[in-house]
Amino acid sequence: MRATDEINSNDEPRPPDRSDARMPRWLPRAMVLALALVACFQLASWGFHQLITLLLNILIAFFLALAVEPAVDWMAARGMRRGLATGSVFLGILVVTAGFFALLGSMLAGQIATMVEEFPQYLDSVISWMNGTFHTHLSRVEVQNNLLKSDWLQKYVQDSANNVLAVSATVLGSLFNLLTVALFSFYFAADGPRLRRALCSVLPPRRQTEVLRAWEIAVAKTGGYLYSRGLMALISGVAHYVLLEILGVPYAPALGMWVGLVSQFIPTIGTYMAGALPILIAFTVNPWYALWVFGFVVVYQQFENYLLQPRITAKTVDIHPAVAFGSVVAGTALMGAVGALIAIPATATLQAFLGAYVKRYEVTDDPRVQGGTRRRRGARVLAQVRRTLHDEQPSSPLADRRTETDGAGAGDTTQDGDEKGGR
79 MRATDEINSN DEPRPPDRSD ARMPRWLPRA MVLALALVAC FQLASWGFHQ
129 LITLLLNILI AFFLALAVEP AVDWMAARGM RRGLATGSVF LGILVVTAGF
179 FALLGSMLAG QIATMVEEFP QYLDSVISWM NGTFHTHLSR VEVQNNLLKS
229 DWLQKYVQDS ANNVLAVSAT VLGSLFNLLT VALFSFYFAA DGPRLRRALC
279 SVLPPRRQTE VLRAWEIAVA KTGGYLYSRG LMALISGVAH YVLLEILGVP
329 YAPALGMWVG LVSQFIPTIG TYMAGALPIL IAFTVNPWYA LWVFGFVVVY
379 QQFENYLLQP RITAKTVDIH PAVAFGSVVA GTALMGAVGA LIAIPATATL
429 QAFLGAYVKR YEVTDDPRVQ GGTRRRRGAR VLAQVRRTLH DEQPSSPLAD
479 RRTETDGAGA GDTTQDGDEK GGR
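Sequence positions in the sequence shown follow our numbering and run 79 to 501.
The following block contains the structure:
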């Protein structure tokens, strides 16, 4: 009975342990912390997207300040106040930019006025060519009436009128961004030493040395890149100006300046954008002139890529063309036109900074390093085959003599091959 009672008592269900069913004390804190982290991430993401334009403007201003800092330092070292030196540099940039756009605007306005005045003559020549080629009976008045009364032209005019406010807002936004970049770049360049001192004051001495070294490399690479591009723009502009002046193309100075600046400061597609405008204007003068300008643009581009650019940028921006192209593509994919502009100086700065910490070894003197192979390799294989064949032949005095002779010759060949391969 006692055993049965013990069994029955063991079979009875035990009451649940309330201590095991309680919520762990750390779980509410973990949930609150997780929610707080998610909220902070969402807030940071929202703020970053709201401030992305300002951050890009600050980045452009920083690189522009790095570019003008050598000129500002040179003027400040000769007794000029740093703020005045920075203002003088920016004033010179403003004068050059305003002069360029004034010349370009006058050129475009004059060319558009000329094209509008000569449009009836162009239309008459096209209509006469079509009538003579396709045996049609078109007239200029009929073509003009159909063109003016077309639906697509009226729709285009209506859409343009509706988009006046959007275009005006875009222009005002661009001017505001330009003013922001100019203001930040002025402060970065004028207060460069104070900014570096404030940055180094929160870092240990070893980190301060690395930061100052990185800053110095960035100034050298960015300034060298822009100055080398400016020199190549000057050479390109003068060369194209001389050609356009010889051909008698109107607005040759403005077109030369256009080709020089656009081809050098707009990566990848700048050459094609720069050459399109002078080719088009030369075509309005004489179609053969357009062909001459096109040929000169292609030939000069090859001369610049293979002779001029490597010599000018060898000491300022020592970066491989493939790396430069890849950096431009990556910068464009990440930040658009801004990334394309600052990709090359940023890559050159990073490459120069990392190069100081990468250990390099002396390359072995091997022809395969230069893309070749060891010489006389086939001769050594042939000598080994001949020795194997002679070893398998039946022994005889004459065969032994031949084997010894061939073995010596093969050994000489092998030795010769090794010596030449080592050379």
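All C-beta atoms in this analysis are idealised placements derived from N, C-alpha and C, irrespective of residue type, glycine included.
Measuring only the C-alpha atoms, how far is residue i from residue j?
i      : j      : result
MET109 : LEU281 : 36 Å
ASN383 : LEU273 : 38 Å
GLU294 : LEU428 : 12 Å
LEU144 : LEU261 : 14 Å
ASN223 : LEU201 : 13 Å
VAL194 : ILE136 : 43 Å
ALA114 : PRO106 : 12 Å
GLY301 : PHE140 : 12 Å
GLY326 : ILE344 : 27 Å
ALA418 : LEU142 : 14 Å
GLU323 : TYR305 : 27 Å
ALA276 : LEU121 : 28 Å
PHE264 : THR164 : 7 Å
ARG103 : LEU243 : 60 Å
LEU333 : GLY157 : 39 Å
LEU250 : ASN241 : 14 Å
PHE374 : GLU440 : 44 Å
ILE112 : LEU129 : The sequence shown places Ala at residue 112, rather than the Ile named in the question. If I take the Cα positions, the gap works out to 26 Å.
ARG389 : ALA430 : 18 Å
VAL337 : LEU385 : 19 Å
LEU186 : PRO328 : 11 Å
GLY409 : GLN387 : 21 Å
MET310 : ILE205 : 45 Å
VAL289 : VAL150 : 21 Å
TRP152 : SER166 : 12 Å
ALA41  : ARG284 : Nothing about residue 41 can be reported from this structure: the residues present for the chain run from 79 to 501 only.
TRP230 : VAL116 : 51 Å
SER184 : PHE178 : 10 Å
LEU181 : THR175 : 10 Å
SER405 : PHE168 : 28 Å
PHE119 : HIS127 : 12 Å
ARG446 : SER279 : 51 Å
GLY188 : LEU225 : 24 Å
ILE359 : LEU321 : 13 Å
GLU196 : ARG218 : 14 Å
GLN199 : SER123 : 59 Å
ASP443 : GLY433 : 23 Å
ALA292 : SER252 : 32 Å
SER228 : GLN236 : 13 Å
THR287 : PRO271 : 14 Å
THR211 : SER203 : 12 Å
ARG307 : GLN342 : 6 Å
Using the rule of at least 16 other Cβ atoms within 10 Å of the residue's Cβ for burial, across every protein chain shown, is residue i buried or exposed?
i      : result
VAL173 : exposed
VAL426 : The sequence as given places Ala at residue 426; Val does not occur at that position. Label assigned to ALA426: buried.
GLY170 : exposed
ALA411 : exposed
TRP52  : Coverage of the chain is limited to positions 79 through 501, which leaves residue 52 absent and any answer about it impossible.
ARG100 : exposed
ALA191 : exposed
GLU147 : buried
LEU355 : buried
GLY207 : Contrary to the premise, residue 207 reads as Trp rather than Gly in this sequence. Looking at its Cβ environment, which holds fewer than 16 other Cβ atoms inside 10 Å, TRP207 is exposed.
ALA488 : Note that ALA488 has pLDDT 44, beneath the 50 cutoff, so the model's placement of it is unreliable and the number below is only indicative. Flag for ALA488 reads buried.
PRO331 : exposed
THR248 : exposed
ALA424 : buried
TYR319 : buried
SER314 : buried
PHE266 : buried
VAL245 : exposed
ALA155 : exposed
TYR303 : buried
VAL259 : buried
LEU162 : exposed
Rounded to the nearest angstrom, how far is the Cβ of residue i from that of residue j, given a contact under 8 Å?
i      : j      : result
ALA352 : VAL363 : Actually they do not touch by this definition, with Cβ atoms about 19 Å apart.
ILE357 : VAL371 : 5 Å
ALA268 : ARG160 : 6 Å
ASN255 : THR131 : 7 Å
ILE422 : ALA402 : 5 Å
MET413 : LEU134 : 6 Å
ILE138 : VAL416 : 6 Å
THR349 : GLN379 : 6 Å
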